[in-house]
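J.: Sharing a structure, written as structure tokens. Questions coming.
Protein chains: 6
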Amino acid sequence: MDALPLAPLPMVMIEPAVRAALLEDLGRAGDITSDAIIPAGLNARVALVSRQDGVVAGLDFAACAFRLIDPTIRLAIACPDGSRLSPGTAIASIEGPARAILTAERVALNFLGHLSGIASATRSIVDAIAGHRARICCTRKTMPGLRAAQKYAVRAGGGSNHRFGLDDAVLIKDNHVAIAGGIAPAIRRARAGVGHLVKIECEVDTLDQLREALAEGVDAVLLDNMTPPMLTEAVAIVAGRAITEASGRIRPDTAAAVAASGVDLISIGWLTHSATVLDIGLDHRA
Amino acid sequence: MDALPLAPLPMVMIEPAVRAALLEDLGRAGDITSDAIIPAGLNARVALVSRQDGVVAGLDFAACAFRLIDPTIRLAIACPDGSRLSPGTAIASIEGPARAILTAERVALNFLGHLSGIASATRSIVDAIAGHRARICCTRKTMPGLRAAQKYAVRAGGGSNHRFGLDDAVLIKDNHVAIAGGIAPAIRRARAGVGHLVKIECEVDTLDQLREALAEGVDAVLLDNMTPPMLTEAVAIVAGRAITEASGRIRPDTAAAVAASGVDLISIGWLTHSATVLDIGLDHRA
Amino acid sequence: MDALPLAPLPMVMIEPAVRAALLEDLGRAGDITSDAIIPAGLNARVALVSRQDGVVAGLDFAACAFRLIDPTIRLAIACPDGSRLSPGTAIASIEGPARAILTAERVALNFLGHLSGIASATRSIVDAIAGHRARICCTRKTMPGLRAAQKYAVRAGGGSNHRFGLDDAVLIKDNHVAIAGGIAPAIRRARAGVGHLVKIECEVDTLDQLREALAEGVDAVLLDNMTPPMLTEAVAIVAGRAITEASGRIRPDTAAAVAASGVDLISIGWLTHSATVLDIGLDHRA
Amino acid sequence: MDALPLAPLPMVMIEPAVRAALLEDLGRAGDITSDAIIPAGLNARVALVSRQDGVVAGLDFAACAFRLIDPTIRLAIACPDGSRLSPGTAIASIEGPARAILTAERVALNFLGHLSGIASATRSIVDAIAGHRARICCTRKTMPGLRAAQKYAVRAGGGSNHRFGLDDAVLIKDNHVAIAGGIAPAIRRARAGVGHLVKIECEVDTLDQLREALAEGVDAVLLDNMTPPMLTEAVAIVAGRAITEASGRIRPDTAAAVAASGVDLISIGWLTHSATVLDIGLDHRA
Amino acid sequence: MDALPLAPLPMVMIEPAVRAALLEDLGRAGDITSDAIIPAGLNARVALVSRQDGVVAGLDFAACAFRLIDPTIRLAIACPDGSRLSPGTAIASIEGPARAILTAERVALNFLGHLSGIASATRSIVDAIAGHRARICCTRKTMPGLRAAQKYAVRAGGGSNHRFGLDDAVLIKDNHVAIAGGIAPAIRRARAGVGHLVKIECEVDTLDQLREALAEGVDAVLLDNMTPPMLTEAVAIVAGRAITEASGRIRPDTAAAVAASGVDLISIGWLTHSATVLDIGLDHRA
Amino acid sequence: MDALPLAPLPMVMIEPAVRAALLEDLGRAGDITSDAIIPAGLNARVALVSRQDGVVAGLDFAACAFRLIDPTIRLAIACPDGSRLSPGTAIASIEGPARAILTAERVALNFLGHLSGIASATRSIVDAIAGHRARICCTRKTMPGLRAAQKYAVRAGGGSNHRFGLDDAVLIKDNHVAIAGGIAPAIRRARAGVGHLVKIECEVDTLDQLREALAEGVDAVLLDNMTPPMLTEAVAIVAGRAITEASGRIRPDTAAAVAASGVDLISIGWLTHSATVLDIGLDHRA
């Protein structure tokens, strides 16, 4: 049973972010350059074109930006979110009033370039570990206000999502362990305090900590900053009793070695906090 | 007359963004891990510590995150925004309820790491062109919803700001020129259409375009994707009649050559759209 | 390792709801009755007093209402959230400007009475099944806009929380099963599609469906509308391999029989969609 | 001259509440169950069906929920708000993408069930006093954030509305009387302080208080916790000089006796603070 | 029994409007002039000084503006809202950081000047009709978004308030009458459709219409565009059976003649839609 | 090269203000008068008609009000924003449900009358100085929350816009000069502190101050409260080196004399803070 294709975010989740971004850009006077220079009745045909290899994400955000500036703008998508792009790939064509297209352009591209950058980075790591069981996932190290959008972009790149916030799973970190007086009491308190559909993951730095967590029946273990050989040993110790997650500054060139340890997940903060924009431009067509 | 030190953003501009980021992270149940594991009465002393060389920015955002979770948390700043950091520099110390500190930690660090990343990147370019007249500035290629914060971070890194939005200056780009039928008519229409305190900048790709723009008395010219020798020639042609801005994929290692042309400004989109986070952690103190 | 006491919701989650409720009540002219009749300088001492047996919840909401109308109002809590109340129990004493207290009174009591009603209903069921392993939990059948508050009230009453929304756990219902073509394919698709910290629960109506779900390694099963004997059989079949949840119009007088089946959870929609207010009044003191 | 049929609330009043409820349910990832299991292209035909006797209210809220998730969903109303329902009554039919229908279902039903519950409770009391002059009305004891919706539901059930907030009428209660030094001074102050279109109602506990209020020319009197014989005497004393409102824990089985006293209004807090949900389900059609 | 002094609006009603106005003025970069020129540590003492005769209103809005920019600013009020001012009257003194005072100045003055302008205009008419029974009131012709504030300013000037919105009283106008088929059916329908605490006012253009409205027991009549003699006759016809309101382009110089007719109210739209600002400045003190 | 015709504000900037104004007017019950009196199915044809000479502005705001109440209302514009009006001019015709039209009427007219009042006042001054080079512009003395709309109305009346906020240009006033220790240091600090696209204007009260500002290369000078002869002298001194703006209680009858001095701009605060409404009514058509 294969997974279904990437599901879009509901527009009710997208529109407030796009609306806010447009108002941030329009300020109190709107696009004074285009208003002064572009006649109101003029139409234009443009295309969103990739200038790089990568994966597209965020077309619904871009489309929403154009639509909110002028609902008569038509946007036809050639490469839906998740598609691979090469330099020159036409992602979508747009037709409508030239002034409105120019007014919405930057906000549309800011969403599209940023989210495609995340999707592309994710895909590059996913590709690097192809053949291994591990899935790539993101963290809560996200841009303020953009978490849902960024996590969606990770999915568009073939990745998986870790916690969406402080409230949808327990992640016991070293500070929690220190204050609780050990891994076992921390896990027990967590189990006593949270609902039955909440999974509990515990960060472990050593194999002894790992064994202690497993003895408490933890759902998942975050194997923090372990070398591939240590990860391999950890996976053997776990022996399927918990989900295993490797974490700690994993980059495209080190991911395969980590994945070879057999872990279930590799979590990577920089996918969302430091991804480079994907260069997508808006080309005018004759 | 030296410039005054970096001015903070008014809290009324900061709090809504921090509030939104906290609610995004707290979701509908709050920090279920800390609530389950950390006793309510326990206090902690922690420090915000840099793990890298860089420049700090965003302390008011971080402080706001802690304060909104618990107004009894005390934050004492050792290195105000704009300070240079080394690995191990303690930026601020924090004291208060341990649970609240852990709950606010990630949002505080997400703001602080991202804005410090921008400030650090800016500073590295500013340093690279020291001795030249050019100032480094950012663009409108910002993260949706974070423009004011990101532009502030550029200032914290010693940079300058370009337009804040579509409405505070005219920037005539190639599409505007094409539709208006030339640089001269575009500039004339802009002057006729906007207020007296609005400057007009025009993008030029060639020296002929540059001369045409100057003939119209444009306030600033954006010299797009020109080589250093061409920039030098352009600066000579301008001869002080307009502000000169160089643009086009300028990186730390190429900035000095660009600056040597004598341009007034070097604008760089990746400062805001692709800056790498600065690694700042929260260390627990005895 | 006992669970920690009930953790409060962060004020940043409470204040927007209280602010909205106050504005809803104040309208465009404020409390015209008290403004016209109560002199501005007059102080009052009042107490929040229960008129019924029950459990209190929502004091932070009530305190926020008084504080937002006048920050000089002092509220001293005698019975924190989760405390049992009898007719006449003084829950908190309040001192401050009489006009402001009367202005905030109704909003404070609307939150307090409603959330205490939920806590009290939850506690009555929790008490009814004392000695059994089952925990009482709520559903997503909540009042629009009040989910976080209502779920908190369930915790204050000794209950546990089910999903907070559509996004923090998978719950496969009959419609999903029908469309997916069976329980097994539905579970497999869900597992392929969601993150590693997301638990998967499946609704089953028959013991055959239950076996099918268990075979797929589901995390939890929702045993829908089963009689206590059938529940007992189901629990035996599960044999600890999954969390068992009984659901379906369970009332205080039938809960013990359901709990005797050995299920882990009993979920009850009416705790949040139909709970009766707890009668709490504001009594003036000499 | 009969009253016009129930007027709908303008959509501009409905949409913000529905939007907030959807975002509350969708969280940061949306409907992960349906997204993982229901193929995007699949359509469904469903019906909103009552499982109980009652009166429907809130269809515009439900329709708005479906429309905000997917504007292509078509909803055809068979029983408009205010219609009487029996078990099995199909209230509306819905057709559109199966995934979107399932995503919006719970929010739509939460509004519809709650508001129909209020309408049904109202109608049951209205029916119980049929033949008497009294109208049934609600109070300000409403769910925070839902006042306009709940008051609308009371109208849908054949009831009438009391004050919508603190600002649209004066209601002098015992605390106001005590502070003002009597009923007469309280009424005089109120009249001096408010606009000419604001009615003044005064709560009275005794017939002497009633006479004092009438002597001041009060517009309405709230006869608090009086027995039916005492109410009858009060109505005789009033003799049409003011509107008479009976209040105080009136239930369906006691309402007729209260109404027989001849009062103009019977106000009932539990219609809005403690109404039981009306069980309405979403049935899938072939 | 005299009316109590003017009651302030609750801060929870004031702050959102002030916050929005500050953000509107601060834009995305804040007060770039003061930030660049005024050193951060410098304090200033200033005073709000009237340049004209008038009545002050809006000090809580002004104080909120200063407080939101910098909570350390101290504002001491010498002339509370409703006080009469002469040229040179010091209304309040302000002490705090010079930069913050300058940043908040314009927003504070925009509220204060506008609301004082309304209060002053109201007071001038109230004074012009002194000795007559009539009260001066405003209409729904208000600036979008400022209704509660403007209506408060009318009260500060000694005026009274008409409806606050479409929902707190019935006002039957000529269009309603035309569609309903007459004054009597319109009033009857209104009475059947609205709650018991809602007053019904009907606009009448002729004395026949007036008699028809009175025969239906209307609560108030709006005597539209009648001459003083006709108003006198109308008041005689009403004979105390309803509240009488005169309306129609009444100005300071015509108000006394209107008031002499004995009407209860004179409503004036321009108090809120066209009031001239009261010139209040911010003077720096040594 | 003539300026392009007046550009409309994007709807994304208009709708939030209109939505807020409608909710302010609808309150918690909507238009109770029309709901009670006007049958739901009745249609009406009405026209927006001017009762005065003037210039129309704000039709998009009015149209938005009607559309948000009922999207089936059709509005056909005969005189677009900026058109001159005479008594009786039909500005737009409207067709749709009578009840919805009456519900939206007041909000639509409040926007339209106020913005047209500003446009009309602006146009009267613009006409008064026809033949002179000066442009008429507004200030930051605007109604809180309405700045973008009011500034648009000034453009519709043929005027120009000064700063939109504190952040889009530097305006050095007497307080800044005093604190900085002179005009020269103030201008130097400003230049050092702001971006390259920000113009710097300095207020001067004397010709000596003017010369000092020019020596610093200021972009614009605000000639405050100077007589026409003094303005003439100032313009001669400036000799094209900076933009000249005259300011200080300039009225229609004094504007021509001011303009004759040759200044570039005449700024007038009362256009936005004290403009009189333009009387526009809604007439019902057969």
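First to last, the protein sequences are chains A, B, C, D, E and F. The opening residue of the first sequence carries number 90 in my numbering; numbering runs sequentially from there. The opening residue of the second sequence carries number 90 in my numbering; numbering runs sequentially from there. The opening residue of the third sequence carries number 90 in my numbering; numbering runs sequentially from there. The opening residue of the fourth sequence carries number 90 in my numbering; numbering runs sequentially from there. The opening residue of the fifth sequence carries number 90 in my numbering; numbering runs sequentially from there. The opening residue of the sixth sequence carries number 90 in my numbering; numbering runs sequentially from there. In this text, a Cβ means the ideal position worked out from N, Cα and C, and glycines have one as well. Here the structure is a predicted model, which means the values were calculated and not measured.
Starting from I261 of chain F, follow the beta strand (DSSP E) in both directions and report where the run begins and ends.
T.: The sequence position of residue 261 of chain F within the sixth sequence is 172, counting from 1. Run containing I261 of chain F: V259 to I261, per the beta strand (DSSP E) assignment.
J.: Would you please verify whether the beta carbon of A125 of chain F is less than 8 Å from any beta carbon of chain D?
T.: Within the sixth sequence, numbered from 1, the residue matching residue 125 of chain F stands at position 36. Yes, A125 of chain F counts as interfacial toward chain D.
J.: With DSSP as the reference, please indicate the residues paired to I183 of chain A in a beta bridge.
T.: As a position in the first sequence, residue 183 of chain A is number 94, starting the count at 1. Looking at the DSSP assignment, I183 of chain A forms a beta bridge with A:V135 and A:L164.
J.: Evaluate D91 of chain A with the Cβ neighbour count: other Cβ atoms within 10 Å of its Cβ, from every protein chain shown; 16 or more gives buried, anything less gives exposed.
T.: Within the first sequence, residue 91 of chain A is the residue found at index 2, counting from 1. Exposed, by the Cβ-count rule.
J.: Return no unless some Cβ of chain F is closer than 8 Å to the Cβ of F155 of chain E.
T.: As a first step, residue 155 of chain E is located in the fifth sequence; it is residue number 66 there, counting from the start. Chain F contact via Cβ: absent.
J.: Tell me the rounded alpha-carbon separation between R244 of chain F and A349 of chain F.
T.: For the purposes of this step, residue 244 of chain F is identified with residue 155 of the sixth sequence, where counting begins at 1. For the purposes of this step, residue 349 of chain F is identified with residue 260 of the sixth sequence, where counting begins at 1. About 22 Å.
J.: With distances taken from CA atoms, which of D:D149, D:V266, D:M100 and D:I276 is nearest L204 of chain D?
T.: As a working mapping, residue 204 of chain D is identified with position 115 in the fourth sequence. Closest by alpha carbon: D:D149.
J.: Distance check for N132 of chain E and S175 of chain A, CA to CA, integer angstroms please.
T.: Reading the first sequence from its first residue, position 86 is the one you call residue 175 of chain A. Reading the fifth sequence from its first residue, position 43 is the one you call residue 132 of chain E. Answer to the nearest angstrom: the Cα atoms are 59 Å apart.
J.: Going by C-alpha to C-alpha distance, which of E:R277, E:L311, E:I357 and E:I126 sits closest to G248 of chain E?
T.: Along the fifth sequence, one-based indexing puts residue 248 of chain E at 159. When only C-alpha atoms are compared, the closest one is E:I357.
J.: Mind reading off the beta-carbon distance from E113 of chain F to R236 of chain E? Whole number of angstroms is fine, and I expect it under 8 Å.
T.: Translated into the one-based positions of the sixth sequence, residue 113 of chain F becomes position 24. Translated into the one-based positions of the fifth sequence, residue 236 of chain E becomes position 147. Rounded, the Cβ-Cβ distance is 5 Å, consistent with contact.
J.: In this structure, how does DSSP classify D216 of chain F when only helix, strand and coil are distinguished?
T.: As a first step, residue 216 of chain F must be located in the sixth sequence, where it is residue number 127. If DSSP states are grouped into helix, strand and coil, D216 of chain F belongs with the helices.
J.: What does the alpha-carbon distance come out to for the pair G147 of chain C and R156 of chain C?
T.: Stepping through the third sequence from its first residue, residue 147 of chain C is reached at position 58. Stepping through the third sequence from its first residue, residue 156 of chain C is reached at position 67. Cα-Cα distance, rounded: 14 Å.
J.: Taking only heavy atoms of the ligand ADP into account, decide whether any of them is closer than 7 Å to the Cβ of G220 of chain C.
T.: The ligand ADP is not part of the structure shown, which contains no ligands of any sort.
J.: Residues in the same chain with beta-carbon distance under 6 Å from D294 of chain F, minus the five sequence neighbours each way, listed in chain order, please.
T.: Counting from one through the sixth sequence, the residue named residue 294 of chain F turns up at place 205. The residues are D313.
J.: The alpha helix (DSSP H) spanning A309 of chain E covers which residue range?
T.: Locating residue 309 of chain E in the fifth sequence gives position 220, counting from the first residue. No alpha helix (DSSP H) holds A309 of chain E; the beta strand (DSSP E) holding it covers A309 to D313.
J.: Take A129 of chain B and list the residues in its own chain whose beta-carbon comes closer than 7 Å to its own, dropping the five residues that flank it on each side.
T.: In the second sequence, counting from the first residue as 1, residue 129 of chain B sits at position 40. R188.
J.: Short check: CB of L286 of chain E to CB of R140 of chain D, under 8 Å?
T.: Against the fifth sequence, residue 286 of chain E aligns to sequence position 197. Against the fourth sequence, residue 140 of chain D aligns to sequence position 51. Going by C-beta atoms, L286 of chain E is not nearer than 8 Å to R140 of chain D.
J.: Can you tell me whether R374 of chain B is buried or exposed, with buried defined as 16 or more other CB within 10 angstroms of its CB?
T.: Position 285 of the second sequence, counting from 1, holds the residue named residue 374 of chain B. R374 of chain B is exposed by the Cβ-count criterion.
J.: Compare the C-beta of I103 of chain F against all C-beta atoms of chain D and say whether one is closer than 8 Å.
T.: Here residue 103 of chain F is taken as the residue at index 14 of the sixth sequence, counted from 1. Cβ-Cβ to chain D under 8 Å: no for I103 of chain F.
J.: Relative to the alpha-carbon of P94 of chain A, which residue among A:S172, A:E104, A:A125 and A:A167 has its alpha-carbon at the smallest distance?
T.: Numbered from its first residue, the first sequence carries residue 94 of chain A at position 5. Of A:S172, A:E104, A:A125 and A:A167, the residue nearest in Cα terms is A:S172.
J.: Compare the C-alpha of D124 of chain E against each of F:I207, F:I276 and F:P105 and name the closest.
T.: As a working mapping, residue 124 of chain E is identified with position 35 in the fifth sequence. The option with the nearest alpha carbon to D124 of chain E is F:I276.
J.: Could you give the distance in angstroms between the alpha-carbon of P318 of chain A and the alpha-carbon of S336 of chain A?
T.: Working through the first sequence from its first residue, we reach residue 318 of chain A at position 229. Working through the first sequence from its first residue, we reach residue 336 of chain A at position 247. Each residue's Cα considered, the two are about 14 Å apart.
J.: Between the Cα of W359 of chain D and the Cα atoms of C:N199, C:D257 and C:E334, which residue gives the shortest distance?
T.: If you number the fourth sequence from 1, residue 359 of chain D lands on position 270. Of the listed residues, the one whose Cα sits closest to W359 of chain D is C:N199.
J.: Please classify P99 of chain F as buried or exposed, where buried requires at least 16 neighbouring CB atoms within 10 angstroms.
T.: What you label residue 99 of chain F is simply residue 10 of the sixth sequence in a count that begins at 1. That one is buried.
J.: Any beta carbon of chain A sitting closer than 8 Å to that of N250 of chain C?
T.: Along the third sequence, one-based indexing puts residue 250 of chain C at 161. Output row for N250 of chain C: interface = yes.
J.: Which value, in whole angstroms, describes the spacing of the CA atoms of L381 of chain E and I225 of chain E?
T.: Nothing can be reported for residue 381 of chain E, as the shown portion of chain E is limited to 90 through 375.
J.: If distances are taken between C-alpha atoms only, which option among A:A109, A:G370, A:V366 and A:L371 comes closest to A242 of chain A?
T.: One-based indexing of the first sequence puts residue 242 of chain A at position 153. The candidate whose alpha carbon is nearest that of A242 of chain A is A:V366.
J.: Considering T333 of chain E, what are the terminal residues of the beta strand (DSSP E) in which it resides?
T.: On the fifth sequence, position 244 is the one that residue 333 of chain E refers to. Note, T333 of chain E: beta strand (DSSP E), I332 to S336.
J.: So with CB distances below 7 Å, who are the chain F contacts of D257 of chain B?
T.: On the second sequence, position 168 is the one that residue 257 of chain B refers to. Chain F residues near D257 of chain B: D257.
J.: According to DSSP, is C153 of chain A helix, strand or coil?
T.: On the first sequence, residue 153 of chain A is found 64 positions in, with the first residue counted as 1. Here C153 of chain A sits in helix by DSSP.
J.: Under three-state DSSP, which class holds I207 of chain F?
T.: The residue you call residue 207 of chain F lines up with position 118 of the sixth sequence. I207 of chain F falls in the helix class under three-state DSSP.
J.: D297 of chain B: buried (16+ other C-beta within 10 angstroms of its C-beta) or exposed?
T.: The residue you call residue 297 of chain B lines up with position 208 of the second sequence. With fewer than 16 Cβ atoms within 10 Å of its Cβ, D297 of chain B is classed as exposed.
J.: For P97 of chain C, go through chain D and note every residue whose CB falls closer than 8 Å to its CB, in chain order.
T.: As a first step, residue 97 of chain C must be located in the third sequence, where it is residue number 8. Going along chain D, no residue has its Cβ under 8 Å from P97 of chain C, so there is no contact; the nearest lies around 18 Å.
J.: Counting along the chain, where does the beta strand (DSSP E) carrying D34 of chain B start and finish?
T.: Since the first residue shown for chain B is 90 and the last is 375, residue 34 of chain B is missing from the structure and cannot be characterised.
J.: Go through the region 343-369 of chain B residue by residue and report every complete run of the beta strand (DSSP E) that reaches 3 residues or more, in order.
T.: Correct list: 354-356.
J.: Alpha carbon to alpha carbon, how far is I289 of chain F from I214 of chain B?
T.: Position 200 of the sixth sequence, counted from the first residue, corresponds to residue 289 of chain F. Position 125 of the second sequence, counted from the first residue, corresponds to residue 214 of chain B. So the alpha carbons of these two residues sit roughly 27 Å apart.
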